[in-house]
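Asker:
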Amino acid sequence: MNNEQIKIAIADLLPSAIIEESSEWLTIHIESVDWLPLAEKLRNTAELYFDYLFCLTCVDWKSHLTMVYHLTSTFHRHTLVVKSKLDRDDARIETVTMIWRTAEFHEREVYELFGVNFLHHPDLRLLILPDGWEGKYPLRKDFEDPVNIIKL
Amino acid sequence: MVDSSKISGEIPKIPPWKQDHGTAEFPGEVYNTPGGGILLSKLDNVINWARSNSLWPLVFGTSCCAIEMMSTASAKYDWSRFGFEVARATPRQADVIIIAGTIVNKMAPVLKRLYDQMGDPKYVIAMGACATSGGPFFYNTYSVVKGADHIIPVDVYIAGCPPRPEALLHAMITLQEKIRKGLTREQIRMPKPEQGFK
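Residue numbers (this note's numbering), protein chains in the order written: chain A, 690 to 841; chain B, 982 to 1179.
(1) Determine the burial state of B:Asp-1076: buried for a count of at least 16 other Cβ atoms within 10 Å of its Cβ, exposed for fewer.
(2) When the cut-off is 7 Å and only beta carbons count, does B:Lys-1093 lie next to chain A?
(3) Which residues in chain B have a C-beta closer than 8 Å to the C-beta of A:Asp-834? List them in chain order.
(4) Just checking my contact of B:Ile-1160 with B:Arg-1069 at CB under 8 Å: how many whole Å lie between their CB atoms?
(5) Taking the beta carbon of A:Ala-792 as the centre, do at least 16 other beta carbons fall within 10 Å, making it buried, or is it exposed?
(6) Which residue's Cα is closest to the Cα of B:Thr-1071: B:Ile-1133, B:Asp-1130, B:Val-1091 and B:Gly-1128?
(7) In this structure, does DSSP put A:His-759 in helix, strand or coil?
(8) On the criterion of 16 or more Cβ atoms from any shown chain inside 10 Å, does A:Ser-732 qualify as buried, or is it exposed?
(9) Would you please state the rounded distance, in angstroms, between the beta carbons of A:Phe-803 and A:Arg-829? I believe it to be under 8 Å.
(10) Taking the alpha carbon of A:Phe-739 as the point to measure from, which residue in A:Met-756, A:Thr-761, A:Glu-720 and A:Lys-751 has its own alpha carbon closest?
(11) Considering only heavy atoms of the ligand ADP, does any lie closer than 6 Å to the CB of B:Phe-1119?
(12) Measuring alpha carbon to alpha carbon, tell me which of B:Lys-1127, B:Met-1108, B:Gly-1116 and B:Gly-1100 ends up nearest B:Arg-1089.
(13) Could you give the distance in angstroms between the alpha-carbon of B:Met-1153 and the alpha-carbon of B:Ser-1114?
(14) Thinking C-alpha only, which one of A:Ser-773, A:His-753, A:Thr-768 and A:Met-690 is nearest A:Lys-707?
(15) Give the interface partners of B:Lys-1087 over in chain A, defined as CB-CB distance under 7 Å, in chain order.
(16) When the Cβ atoms of the stretch 745-761 of chain A are set against those of the stretch 775-795 of chain A, are three or more pairs found closer than 8 Å?
(17) Going by the beta-carbon positions, is the gap between A:Cys-747 and A:Val-805 smaller than 7 Å?
(18) Hey, could you find the ends of the alpha helix (DSSP H) B:Val-1027 is sitting in?
(19) What residue from B:Ala-1140, B:Cys-1142 and B:Pro-1008 has the CA that sits closest to B:Asn-1026's CA?
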């Protein structure tokens, strides 16, 4: 599928999705509540068949957080980026562990570094950070740690 | 007028065991006698000389400096020319630990433990900006230790990010000179015979 065909397919699946094509890959912006049903369709529709989640990350924009999912199809060779805005004070989104198994690991990392709560995640706990780090999110812009952080 | 004939001729030679032993030469002198020879030296100097020529590094690399360290070990730079050939994967058999890379808070206890497990005498080289001071991670980090010397004593520091293999070789040669002169932290800490052993 080329980008035009994917755009039509997305518009069909989720009319509220905002499509953006300024970057390398076709990007869509969605509401966080729409993510899980859309993800299932992206994975299970034969023409789309996004079977590989190759990047899962989060961005802190100070005013809000953005979850970023990079999906690709190893069969059709097309790529899609899904972005979803989250509330900074109550960041939560459904997990996609059941669809792409790799998400379990990456969501744990986003959980410990950005404090995004992945609903229905099977094993949501710290990945690399030592015990006792819950509640402090080191990759958020306003993170301050008087012991380790030296500011100019 | 200086009489040139008086300053010519041989400069009085200081016996090697009394010299400042920064060099790799054997710190002693052989006096030929009928039926053999007598070797004059100081035991401390011979021991330091021997130790300095066979330093086994620990296989320890935490980031990009380790790539330079591997390069130093490989054919092009070949640190075995200086007696570093046997990199050991266990601290029990290693003499020198080259801290090649960033030390994070989570790695700090591991580094301390490895150092404690090494047998005496042991030496430490802090390779690169991270191991020296935290380097590029000095400001605004939540995880990086600002210099490996917060955890274990360091004998030689190398600047660079990462240092080239030549810099590492220079550091290793500097460490050897320090050992021959008896100036490493390990040697300074050791009790001297005249102070009495406890």
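Virtual Cβ for every residue (Gly too), placed ideally from N, Cα, C.
Answerer: The short version:
(1) buried
(2) no
(3) Tyr-1123
(4) That pair is no contact at about 18 Å.
(5) buried
(6) B:Val-1091
(7) strand
(8) According to the sequence as given, residue 732 of chain A is Arg; it is not Ser. Buried, because 16 or more other Cβ atoms sit within 10 Å of the Cβ of A:Arg-732.
(9) 6 Å
(10) A:Thr-761
(11) Annotation note on the ligand ADP: not contained in the displayed structure, which lists no ligands.
(12) According to the sequence displayed, residue 1089 of chain B carries Ala and not Arg. Among B:Lys-1127, B:Met-1108, B:Gly-1116 and B:Gly-1100, the Cα nearest to that of B:Ala-1089 is on B:Lys-1127.
(13) 19 Å
(14) The question names Lys, but residue 707 of chain A is Ile in the sequence shown. That would be A:Ser-773, whose Cα lies nearest to the Cα of A:Ile-707.
(15) Pro-819
(16) yes
(17) yes
(18) 1024-1033
(19) B:Pro-1008
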